[in-house]
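Colleague:
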Amino acid sequence: MRVHALTIGVAFLAFMMLALSPTFSRHHSSLYAQDLAYWCTNLDVDVRACPHWQNCDIVIRYSANTLLPVIGTETGDREAGSDQWIKIEDPITQQQGYLHSTQAHECSPESWQTRPVIPAVSETAREIYARGLAAGNNPQAFSKVGDCQNVEAYFLSHFDAADQYDLGPYQTLQETISNFSGSFVRESAAVEAGYTVASALSPLWSDPVLCESDETPLACEDRLHNPSLVIISMETWNRTGKQPVSQYEDYLGQVVEFWIGQGVVPILATKADNKEGDGSINAAIVRVADHYAVPLWNFWLAAQSLPDHGFDPAWGDDFHLLWARSFYNNPERLRDGWPVRNLTALQALDAVWRGVKETE
Amino acid sequence: MNHNTLKRGIGVLCAVILLAAGCAQNKSPQDAVETFLKAMLAGDQDKAFGVVCPDWEAQAAVELDAFSGVSGKLEGMECKQAGEEDGYTLVTCKGKMVLDYRGEERERSLEETRYLTQKLDGEWKVCGYQ
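Chains as they are written, first to last, in the numbering used here: chain A, 3 to 362; chain B, 8 to 137.
What follows is the structure, encoded as structure tokens:
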């Protein structure tokens, strides 16, 4: 009896120790990135298929200061007095691998940084979509609102040309491409290089050929294309250094309110760059998405895991993404800025479309 | 009154006239529009707000922020009155805005927009556009 009680006690103690350990409590299979623990790479690092230096393939390389979701720890080869390896999962491919614990350090990202790349769909979004369809919005049309990162030459347009892309392991996205056929290549009346978020609200920026003289680019795009979903991606702000981020947030809120008023579900995108220096614009974008309970495509999280964080070293401005076409049958493309921007945008569109359709 | 006193009087009179002319910012509706467009592209909020109706200040601020991502200049701008409507004096312009975004130039015609102006407290102000 005494032995039995002792066994139960030890088992309970062991369970509690395990349950309270960081590895156990953080390990899970949820797609919600904010539930994970995060480590940041110290230098450029190779991630291996197993926790050993020899006879173990390099599965992926990361730049210094890359934020990585950690899904567990494992004992492996010893280095600098430690045999602990951390098991990470790539935010884009979900490929798993190992880093020696001395190659990275536990870091505390801001909450916006760990939001999932691919959005979840709220009940509010479903209600907006249903209201829009009842009012005659086209369930086979989506629109784009944004600046130079959204011009059709780079952003999404090739998904309207069968010979310009290969989905590779992402074949399930083809249904979404087929449904929205024509919207990818279409030149939006609310996209232009040089836009700020306020430009979308200014009739002076409307296309004089396509739009009425008193129409904002948003109203013009809505009238011309009648979408049911809209991707909003506004990067440029504060070129003069005089405009507060709160003003960006206010304008973005007005843009979102416009689309909600039209029964169109906005998908807000974070940006890869941090030209403002403190990530405050992305934080503002996430606050707006949360405030209106609309989907968030956290492109920043995807981009920061890429070599040079997705930027083109030839530009050297930490703004322009590295261009390559969307041939995902080649795994190398999942390490380049533009293919990942286009893939994750398509995944976001797919997730939102499937999510809001549940009301149909 | 000797010659010197007369000269001094004429000098003071000229100075007053010149000063008055210099202070009158918007002698006409088209002056107000031209001043606004120049201030908008220069990002000069103080000057822009000085030539707009109080009720239109919020939208004027949007316009300034809307063009803050580019540098721009006005080419061939020539504005003129184009009739009256609902208590406003309409102004149309010829010419174009030349906008520069990271070295890439694009043009926007000024001819598509009709500006609404009103005289408030002796000054012409821009109160909107169509």
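Ideal Cβ positions, reconstructed from N, Cα and C, are used throughout, including at glycine. Remember, it's a predicted structure, so these values are computed and weren't measured experimentally.
To which residues of the same chain is A:Thr346 closer than 8 Å at the C-beta, ignoring the five residues directly before and after it?
Modeller: So the list reads Ile94, Val119, Ile120, Trp299, Phe301, Ala304, once near-sequence residues are dropped.
Colleague: Along chain B, in chain order, which residues have C-beta atoms closer than 8 Å to that of A:Leu203?
Modeller: What A:Leu203 touches in chain B: Val69, Ala73.
Colleague: Which of the three DSSP states, helix, strand or coil, is assigned to B:Gln125?
Modeller: strand
Colleague: In whole angstroms, give me the CA-to-CA distance for A:Gly312 and A:Gly78.
Modeller: 31 Å
Colleague: From which residue to which residue does the beta strand (DSSP E) around A:Pro71 run?
Modeller: 69 to 81
Colleague: By Cβ distance below 6 Å, which residues in the same chain neighbour A:Ser328 in space, the five residues on each side in sequence not counted?
Modeller: Cβ within range, chain order: His160, Tyr167, Pro341, Asn344.
Colleague: According to a CB-to-CB cut-off of less than 7 Å, which residues of the region 97 to 108 of chain B neighbour chain A?
Modeller: Residues passing the 7 Å Cβ filter: Leu106, Tyr108.
Colleague: Distance, Cα to Cα, A:Pro315 vs A:Leu324?
Modeller: Going from the Cα of A:Pro315 to the Cα of A:Leu324 covers about 8 Å.
Colleague: Could you round the C-beta distance between A:His102 and A:Trp41 to whole angstroms and report it? I think they count as a contact, below 8 Å.
Modeller: Actually they are not in contact, since the Cβ atoms of A:His102 and A:Trp41 sit about 11 Å apart, beyond 8 Å.
Colleague: Smallest Cα separation from A:Leu70: which of A:Gln97, A:Leu203, A:Ser282?
Modeller: Of the candidates A:Gln97, A:Leu203, A:Ser282, the residue whose Cα lies closest to the Cα of A:Leu70 is A:Gln97.
Colleague: By the 10 Å Cβ neighbour count, where 16 or more other Cβ atoms means buried, how is B:Leu117 classified, buried or exposed?
Modeller: buried
Colleague: Around the Cβ of A:Glu125, are there at least 16 other Cβ atoms within 10 angstroms (buried) or fewer (exposed)?
Modeller: Counting the other CB atoms within 10 Å of its CB gives A:Glu125 a total below 16, which places it among the exposed residues.
Colleague: Residues of chain A with a CB under 8 Å from the CB of B:Gln137: which are they?
Modeller: Ser215, Asp216
Colleague: So for A:Ser32, helix, strand or coil by DSSP?
Modeller: Low confidence applies here, because A:Ser32 scores a pLDDT of 35, under 50, leaving its location unreliable; read the following figure in that light. It is coil, neither helix nor strand.
Colleague: With a CB to CB cut of under 8 Å and the five nearest residues on each side skipped, what residues in its chain are close to A:Asp85?
Modeller: Taking A:Asp85 as the centre and dropping the five residues before and after it, the same chain places the C-beta of Thr77, Gly78, Asp79 closer than 8 Å to its C-beta, in chain order.
Colleague: Which chain B residues sit within Cβ distance under 7 Å of A:Ala195?
Modeller: Tyr108, Glu111
Colleague: Pairing CB atoms from the region 219 to 226 of chain A with CB atoms from the region 170 to 183 of chain A, are three or more of them under 8 Å?
Modeller: no
Colleague: With which residues is A:Ala39 paired in a DSSP beta bridge?
Modeller: Its beta-bridge partners are A:Val72.
Colleague: Anyone know if the C-beta pair for B:Leu106 and B:Leu81 falls short of 8 Å?
Modeller: Against a cut-off of 8 Å, the Cβ pair of B:Leu81 and B:Leu106 comes out as no contact.
Colleague: Given that a residue counts as buried once 16 or more other Cβ atoms are within 10 Å of its Cβ, and exposed if not, what is A:Gly83?
Modeller: exposed
Colleague: Tell me the DSSP bridge mates of B:Ser116?
Modeller: B:Lys103
Colleague: According to DSSP, simplified to helix, strand and coil, what is A:Phe26?
Modeller: Because the pLDDT of A:Phe26 is 31, which lies under 50, any placement of that residue in the model is unreliable, and the question is left without a value.
Colleague: Does the beta carbon of A:Gln151 come closer than 8 Å to any beta carbon on chain B?
Modeller: Not a single CB atom of chain B sits nearer than 8 Å to the CB of A:Gln151.
Colleague: Name the two residues that bound the continuous beta strand (DSSP E) containing A:Tyr64.
Modeller: 60 to 64
Colleague: Okay, do the region 191 to 199 of chain A and the region 143 to 151 of chain A touch, 3+ Cβ pairs below 8 Å being the bar?
Modeller: yes
Colleague: What first and last residue would you give for the beta strand (DSSP E) that runs through A:Cys222?
Modeller: Note, A:Cys222: premise wrong, no beta strand (DSSP E); alpha helix (DSSP H) at 219 to 227.
Colleague: Ordered along the chain, which non-local residues of its own chain (more than five positions away) have a Cβ less than 6 Å from that of B:Cys134?
Modeller: Cys60, Trp63, Leu123, Gln125
Colleague: Let me see if you follow: with CB-CB separation under 8 Å, is A:Pro268 close to chain B or not?
Modeller: no
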